[in-house]
DNA sequence: TTTTGACCATTCAATTAAAAAAGTCAGAAG
DNA sequence: CTTCTGACTTTTTTAATTGAATGGTCAAAA
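Protein chains in written order, with the working numbering: chain A, 288 to 491; chain B, 288 to 491.
This is the structure:
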């Protein structure tokens, strides 16, 4: 059993390289098998189909990513600093894995397998909870008002996601491959402004 | 001259009906000409090409829409009320004209003609200015802090747009035709929360 | 000045065939 | 028994073809 798990790990590791560079549609099961010096049939011994493999790869990098985001929040001195750290973690992730389109919405491919959408939603929920816990702590500490942490976390995440996806489209067009530093920084700047706005409010 | 303008107006009026129902790609110049009981060649006497006609139609409804949004802000008692009124105006517009995809970003078609993108950007700028003026007035009146109205307006618009487009994708999938009341209301609720969040802030 | 039928050029949609990729399986290898 | 594979089938992409539909033009008529 642990032997099989080790093998699966290796496959996931190699597959990740392909997926993160070429995306799911442009990497074939043969590519991955060749990289591993095994036959394609062997690959299918460990994974029932391509989507399942991709899904495990995605789960793998996402759980790591969620850990990073959580830590980036925990290590912060203030709410704006924490949120910006989290955003920076996300942007770094986007830069590294944007070819996998996990966070994006525009990719029709994801609508072909319900599990992808479920994963996306699950990630979203976990992110919300991470932010919610962070806010709860900061409420207890007296940094924040006695707001509804769950609701606020959801809204903040909605805003962050919306800004990111939207800006991406505006700057790079619908099916662009590149994800330049410029675009990343533009998103970062916008979100920074948003965080400040939400933090201090505008009411006199 | 005024005779020609009257004719153009009529064409725009009839074309709008087609465009708003079927979208730009599914309405042909023959459809429009037939509706008007003129030949296609006549249509081309008034408009050099299809995109130009569409563009004028879009400009026509957008200028009216911008007026509505401005008024919805002016007639409000408070900032949150004003912004929500504006959002309601936008959602009503989206319901009526979503087939024309003017506000959306996901449509590849729009990237075929630079003028569409320019119009989109111009609309965006005008919206920003409308919001900016609204905020400026409310700052003067003492309802709001002495914030940077221009910057704040831009950010708010960014947020609104992002939430809308994003929620649309989440709820209806990439190429959906329908724009249900449910989705509209879900967007509305989210944005309402955002406005409250920004208005009051979360800092203690 | 405005309109139009006839026309051209380009795009779109349906068809098909070939190639590539996904996925299967009986049996070999350890 | 677990793992692996070559050979195989099925499904999906891709490319080429073609006819129809559509965007766009123009000389001539009203």
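From the three backbone atoms N, C-alpha and C, an ideal C-beta is built for every residue, glycine too.
Closest to residue i by CA distance: which of the options is it?
i             : options                       : result
residue 329/B : 374/B, 303/B, 298/B and 313/B : 298/B
residue 291/A : 334/A, 301/A and 310/A        : 334/A
residue 388/A : 484/A, 470/A and 463/A        : 463/A
residue 449/A : 391/A, 314/A and 308/A        : 391/A
residue 444/B : 466/B, 296/B and 478/B        : 478/B
residue 380/A : 327/A, 466/A and 491/A        : 466/A
residue 349/B : 401/B, 303/B, 313/B and 308/B : 303/B
residue 408/A : 489/B, 307/B and 456/B        : 456/B
residue 308/B : 378/B, 358/B and 382/B        : 382/B
residue 488/B : 480/A, 432/A, 358/A and 446/A : 432/A
residue 402/A : 361/A, 340/A and 325/A        : 340/A
residue 364/B : 424/B, 439/B and 491/B        : 424/B
residue 404/B : 315/B, 346/B and 362/B        : 346/B
residue 310/A : 326/A, 362/A and 337/A        : 337/A
residue 357/B : 454/B, 410/B and 484/B        : 410/B
Excluding five sequence neighbours on each side, which residues of the same chain lie with their C-beta closer than 7 Å to the C-beta of residue i?
i             : result
residue 301/B : 319, 322 and 323
residue 437/B : 419
residue 331/A : none
residue 451/A : 474
residue 378/B : 471, 474 and 475
residue 439/A : 422
residue 314/B : 305 and 306
Between residue i and the rest of its own chain, which residues show a CB-CB distance below 6 Å, the 5 nearest in sequence each way excluded?
i             : result
residue 441/B : 415
residue 458/B : 470
residue 367/A : 482 and 486
residue 359/B : 372, 373 and 376
residue 295/A : 333
residue 343/B : 299
residue 327/B : 316, 317 and 320
Report the partner residues of residue i according to the DSSP bridge assignment.
i             : result
residue 490/A : 431/B
Whose C-beta lies closer than 8 Å to the C-beta of residue i among residues of the same chain, with five residues either side of it excluded?
i             : result
residue 434/B : 422 and 426
residue 385/A : 391 and 466
residue 447/A : 374, 377, 478 and 481
Should residue i be counted as a contact of the ligand FMN given a C-beta to heavy atom distance under 6 Å?
i             : result
residue 293/B : Summarising the ligand content, the structure contains no ligands, and the ligand FMN is consequently not present.
*List in chain order: all unbroken alpha helix (DSSP H) runs of 4+ residues lying wholly within the region 315 to 365 of chain B.*
Whole alpha helix (DSSP H) segments, 4+ residues: 316 to 323, 327 to 333 and 337 to 361.
_Whether or not the region 419 to 434 of chain B and the region 410 to 420 of chain A are in contact is what I'm after, with contact meaning three or more pairs of Cβ atoms, one per stretch, closer than 8 Å; do they touch?_
By the Cβ rule, the region 410 to 420 of chain A does not count as touching the region 419 to 434 of chain B, because fewer than three pairs are nearer than 8 Å.
_Closer than 8 Å is the cut-off here; do at least three beta carbon pairs connect the region 403 to 415 of chain B with the region 336 to 356 of chain B?_
yes
*Could you say if the region 468 to 486 of chain B and the region 395 to 413 of chain B meet the contact criterion of at least three C-beta pairs nearer than 8 Å?*
no
_Ranges of the alpha helix (DSSP H) found wholly within the region 438 to 472 of chain A, counting only runs of at least 4_ = With a minimum length of 4 residues, no continuous alpha helix (DSSP H) run stays inside the region 438 to 472 of chain A.
*Jot down the residue ranges of each uninterrupted alpha helix (DSSP H) in the region 364 to 410 of chain B, minimum 4 residues, whole runs only, in chain order.*
366 to 384
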